[in-house]
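Asker: Anchor point for the sequence shown: position 41 equals 43 in our numbering, and the numbering is continuous, going up by one each time. Just passing along the structure, written as C-alpha coordinates.
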Amino acid sequence: AKSHGVPELFGLFTSYTVNVPQVDAAIDREKAKTHGVAISDIFDTLQVYLGSLYANDFNRFGRTYQVNVQAEQQFRQDSDQIGQLKVR
3 AKSHGVPELF
13 GLFTSYTVNV
23 PQVDAAIDRE
33 KAKTHGVAIS
43 DIFDTLQVYL
53 GSLYANDFNR
63 FGRTYQVNVQ
73 AEQQFRQDSD
83 QIGQLKVR
(Lines of atoms letter the chains of each structure in order from A and count residues from 1; the text may use other names and numbers.)
(Lines give C-alpha, C1' and ligand atoms only; values in the text may rest on other atoms or scores of the structure.)
Protein backbone atom coordinates (compact mmCIF):
# COMPACT_ATOMS: atom_id res chain seq x y z
CA ALA A 1 0.00 0.00 0.00
CA LYS A 2 2.88 2.40 0.73
CA SER A 3 4.25 1.83 -2.77
CA HIS A 4 1.16 3.37 -4.39
CA GLY A 5 1.98 6.78 -5.74
CA VAL A 6 5.74 6.14 -5.94
CA PRO A 7 6.61 6.56 -9.65
CA GLU A 8 9.86 4.55 -9.40
CA LEU A 9 7.89 1.46 -8.35
CA PHE A 10 5.59 -0.07 -10.93
CA GLY A 11 4.24 -3.48 -11.84
CA LEU A 12 4.27 -4.64 -8.22
CA PHE A 13 2.00 -7.49 -7.17
CA THR A 14 1.70 -10.14 -4.48
CA SER A 15 0.56 -13.74 -4.61
CA TYR A 16 -0.60 -13.54 -0.98
CA THR A 17 -4.22 -14.55 -0.55
CA VAL A 18 -5.97 -14.16 2.79
CA ASN A 19 -8.05 -17.35 2.63
CA VAL A 20 -5.27 -19.71 1.52
CA PRO A 21 -3.64 -21.83 4.24
CA GLN A 22 0.10 -21.26 4.60
CA VAL A 23 2.86 -23.10 6.42
CA ASP A 24 6.11 -21.56 7.60
CA ALA A 25 8.75 -24.31 7.65
CA ALA A 26 12.19 -23.79 9.16
CA ILE A 27 14.67 -26.38 7.90
CA ASP A 28 17.47 -27.32 10.31
CA ARG A 29 20.24 -27.46 7.72
CA GLU A 30 22.90 -28.60 10.19
CA LYS A 31 20.76 -31.52 11.35
CA ALA A 32 20.02 -32.49 7.75
CA LYS A 33 23.74 -32.40 6.95
CA THR A 34 24.54 -34.50 10.03
CA HIS A 35 22.07 -37.17 8.88
CA GLY A 36 23.26 -37.04 5.27
CA VAL A 37 19.98 -35.64 3.96
CA ALA A 38 20.22 -33.27 1.00
CA ILE A 39 18.27 -30.01 1.32
CA SER A 40 16.90 -30.60 -2.19
CA ASP A 41 15.38 -33.90 -0.96
CA ILE A 42 13.65 -32.04 1.87
CA PHE A 43 12.24 -29.47 -0.54
CA ASP A 44 11.11 -32.20 -2.96
CA THR A 45 9.31 -33.99 -0.12
CA LEU A 46 7.56 -30.79 0.93
CA GLN A 47 6.62 -30.07 -2.67
CA VAL A 48 5.13 -33.55 -3.18
CA TYR A 49 3.09 -33.43 0.02
CA LEU A 50 1.97 -29.81 -0.11
CA GLY A 51 1.71 -29.28 -3.86
CA SER A 52 2.76 -31.62 -6.62
CA LEU A 53 5.97 -32.65 -8.34
CA TYR A 54 6.53 -33.65 -11.96
CA ALA A 55 7.75 -37.26 -12.15
CA ASN A 56 7.89 -38.14 -15.85
CA ASP A 57 5.90 -38.63 -19.05
CA PHE A 58 4.57 -41.81 -20.57
CA ASN A 59 3.20 -42.57 -24.01
CA ARG A 60 0.03 -44.56 -24.52
CA PHE A 61 -2.16 -44.89 -27.58
CA GLY A 62 -0.13 -42.27 -29.43
CA ARG A 63 -0.56 -39.65 -26.70
CA THR A 64 1.88 -38.34 -24.11
CA TYR A 65 0.69 -38.11 -20.51
CA GLN A 66 2.43 -36.16 -17.77
CA VAL A 67 2.80 -37.86 -14.38
CA ASN A 68 2.70 -35.63 -11.30
CA VAL A 69 3.06 -36.94 -7.75
CA GLN A 70 0.88 -35.50 -4.98
CA ALA A 71 -0.17 -36.67 -1.52
CA GLU A 72 -3.84 -37.21 -0.90
CA GLN A 73 -5.61 -34.22 0.61
CA GLN A 74 -6.15 -35.91 3.99
CA PHE A 75 -2.38 -36.09 4.50
CA ARG A 76 -1.68 -32.42 3.80
CA GLN A 77 -4.38 -30.63 5.76
CA ASP A 78 -2.90 -30.72 9.25
CA SER A 79 0.36 -29.00 10.18
CA ASP A 80 1.08 -31.76 12.73
CA GLN A 81 1.04 -34.33 9.92
CA ILE A 82 3.32 -32.13 7.84
CA GLY A 83 5.79 -32.07 10.73
CA GLN A 84 5.91 -35.88 10.66
CA LEU A 85 7.05 -36.16 7.03
CA LYS A 86 9.95 -38.52 6.39
CA VAL A 87 12.74 -37.88 3.87
CA ARG A 88 14.90 -40.58 2.30
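Just so you know, even glycine gets a beta-carbon here, dropped at the ideal spot from N, CA and C. This structure is a prediction, so every number in the text was calculated from the model and none was measured.
Nearest to Gln86 by CA position, among Arg62, Asn61, Phe60 and Thr47, is which residue?
Answerer: The shortest C-alpha separation from Gln86 is found at Thr47.
Asker: Measuring straight from C-alpha to C-alpha, what distance separates Lys33 and Gln75?
Answerer: The alpha-carbon atoms of Lys33 and Gln75 are separated by roughly 29 Å.
Asker: Cβ atoms of Val20 and Leu52: under 8 Å apart, would you say?
Answerer: Result no, Cβ atoms of Leu52 and Val20 do not sit closer than 8 Å.
Asker: Mapping DSSP to helix, strand and coil, what is Ala2?
Answerer: Only positions 3 to 90 of the chain appear in this structure, which leaves residue 2 out of reach.
Asker: Using 10 angstroms around the beta-carbon of Arg62, count the other beta-carbons present and answer buried if the total reaches 16, otherwise exposed.
Answerer: Arg62 is exposed by the Cβ-count criterion.
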